[in-house]
Amino acid sequence: MIYTVTLNPAVDKVIFLKGFIAKGMNRADRTSSYPGGKGNNVAQVIHQMGGQVMALGFVSGTTGRFIEDALARKGVRFDFVHTTGETRTNTKIIDELDSCCTEVNEPGPAITATDLMMFENKLMQLVREKDIVVLSGSLPIGVSDDIYKRWILLLKSHKVRVILDADGEALRLGIQAIPRAIKPNVYEWKRLFSKDHSIIAPQDIARMGAGYAKKGVKYQMVSLGKNGAVLINKEHAYYAHPFHIDVVNTVGAGDAMTAAMAMGIHNRSDSECMLRLGSAYAIATVASSQYENLTTAAAEEISEALEVEQLY
1 MIYTVTLNPA VDKVIFLKGF IAKGMNRADR TSSYPGGKGN NVAQVIHQMG
51 GQVMALGFVS GTTGRFIEDA LARKGVRFDF VHTTGETRTN TKIIDELDSC
101 CTEVNEPGPA ITATDLMMFE NKLMQLVREK DIVVLSGSLP IGVSDDIYKR
151 WILLLKSHKV RVILDADGEA LRLGIQAIPR AIKPNVYEWK RLFSKDHSII
201 APQDIARMGA GYAKKGVKYQ MVSLGKNGAV LINKEHAYYA HPFHIDVVNT
251 VGAGDAMTAA MAMGIHNRSD SECMLRLGSA YAIATVASSQ YENLTTAAAE
301 EISEALEVEQ LY
């Protein structure tokens, strides 16, 4: 079983328009709302891939019920802890003229120590040896930066495999616990190594990740956006070259990559196959207006066409 953890979920409201005007009046061509938060996005893609998955985390209020209802309609299993307040709404404004996305993310409700303990108890009651847990996304108000690190250590003590997709201190501390895999994007990767303003090539990323590979992080998949992706393991590093496609929507592309990575680990795929599949699902997501339009057939076709190079 694969479990996804979303501590700071959201309803993603996506606004499509042509010619976004900053500081001016804009009129939407259409809008859509989806159950969001990184872990919930991952769960939806795993479900579409045919994987056994359950979405875990917190939900609150009317927007929290929207997330549960939407996941239920899609057939995605969930078991959330209900808290006070209102689950946040994140607004994505997509300009279809230049395929740019402007995001406004709300902070979300505060989580109490009692809420956190309830969730931790639920998580540990559910997981079994060799299960996979995906810890992903931002941390809500009231949760310390070391929570992912603590849970990785706890889950590993029960022989549960953990994938970490986080940013900033949550990533820096979490990786110290040596999860099975990490999936940062290039900006998160550069912050991890304090190289925010540096231009780094795929070969640089491969060299930078060698230390974590030696420490025991089995897979490091770094998304470079339109510039491809890199996967590092203990023996080798691979680079998926850029793949041209008309960009429709960048929302959730990284989460689709994480989902494919989780399925690759579950299916014992080799590293090159995992990188191909992860990149293909991210690319297919970028070409789709919403997750409902994402098809396994499209992703597999892209996977076969991708150029993957072994860096070392």
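When you line the sequence shown up against the numbering used here, it's residues 1 to 312, in that order.
Backbone N, C-alpha and C define an ideal beta-carbon position, used for all residues, glycine too.
From a predicted model like this one, the values you see are computed outputs, not experimental measurements.
{"Query": "Straight-line gap, Gln203 to Ser157 (C-alpha atoms, nearest Å)", "Result": "34 Å"}
{"Query": "Reference Met117, options Gly36, Gly142, Glu96 and Ala43, closest by Cα", "Result": "Gly142"}
{"Query": "The segment 234-243 / the segment 260-270 touching (three or more Cβ pairs under 8 Å)", "Result": "no"}
{"Query": "Boundaries of the beta strand (DSSP E) in which Ile245 is found, first to last residue", "Result": "Counting along the chain, Ile245 falls outside any beta strand (DSSP E), and DSSP gives it neither H nor E."}
{"Query": "Short Cβ contact (8 Å threshold) for Tyr281 with Val42", "Result": "no"}
{"Query": "Residue from Asp79, Leu224, Glu68 and Val59 with nearest C-alpha to Ile86", "Result": "Before going on, a small fix: residue 86 reads as Glu here, not Ile. Nearest C-alpha to Glu86: Val59."}
{"Query": "Contact check, Val81 vs Lys122, beta carbons under 8 Å", "Result": "yes"}
{"Query": "Beta-carbon proximity check, Phe66 vs Val11, cutoff 8 Å", "Result": "yes"}
{"Query": "Sequence ranges, beta strand (DSSP E) only - wholly within the segment 200-254, length at least 3", "Result": "219-223, 229-232 and 237-240"}
{"Query": "Glu103 - DSSP class collapsed to helix/strand/coil", "Result": "strand"}
{"Query": "CA-to-CA distance, Gly24 to Ala284, given in whole angstroms", "Result": "32 Å"}
{"Query": "Top-ranked residue by Cα proximity to Thr100, from Val14, Gln220, Thr89 and Ala213", "Result": "Inspection of the sequence shows that residue 100 is occupied by Cys rather than by Thr. Closest by alpha carbon: Val14."}
{"Query": "Separation of Glu169 from Leu155, as counted between CA atoms", "Result": "20 Å"}
{"Query": "Bridge partner(s) assigned by DSSP for Arg88", "Result": "Ala10"}
{"Query": "Continuous beta strand (DSSP E) assignments of at least 3 residues falling wholly in the segment 94-139", "Result": "100-104 and 132-136"}
{"Query": "Contact test: Ser60 Cβ vs the ligand ADP heavy atom, cutoff 7 Å", "Result": "Absence of the ligand ADP is noted for the structure shown, with no ligands found whatsoever."}
{"Query": "Proximity winner among Leu139, Thr102 and Gln125, relative to Thr112 (alpha-carbon distances)", "Result": "Leu139"}
{"Query": "Exposure of Lys214, with buried meaning 16 or more beta-carbon neighbours within 10 Å", "Result": "exposed"}
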